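Undergrad: Under UniProt numbering, the first residue of the sequence shown is numbered 1, with each subsequent residue one higher. Even glycine gets a Cβ: it sits at the ideal position worked out from N, Cα and C. Predicted model only: the values in this text are computed from it and were never measured.
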Amino acid sequence: MDLRGAEVGPDEGVRDSKLPHGPILVFGASPWVAFLADVKGGRSVHPDQ
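#1: Can you give me the C-alpha to C-alpha distance between Val26 and Asp38, rounded to a whole angstrom?
#2: Using the three-state DSSP reduction, which class does Asp11 fall into: helix, strand or coil?
#3: Between Ala29 and the rest of its own chain, which residues show a CB-CB distance below 8 Å, the 5 nearest in sequence each way excluded?
#4: Name the two residues that bound the continuous beta strand (DSSP E) containing Leu36.
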């Protein structure tokens with residue numbers, strides 16, 4: 001995951017670090033913060049787990 005150079009206003013831009021010129025996925029700030037909290041809290045973010 002690469003967050004560098006992904007300036008998309010108030011939202012968060014994320015792309016695959018192995019494809020630095022690839023597409024950027026854009027997430028709103030609120031869902032992104034919730035995702036990071038889940039990851040940091042050790043909660044599964046994959047529906048099969």
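TA: Answer, in terms of the structure:
#1: 18 Å
#2: strand
#3: Pro10, Asp11 and Glu12
#4: Careful: Leu36 lies outside any beta strand (DSSP E), inside the alpha helix (DSSP H) at Ala29 to Lys40.
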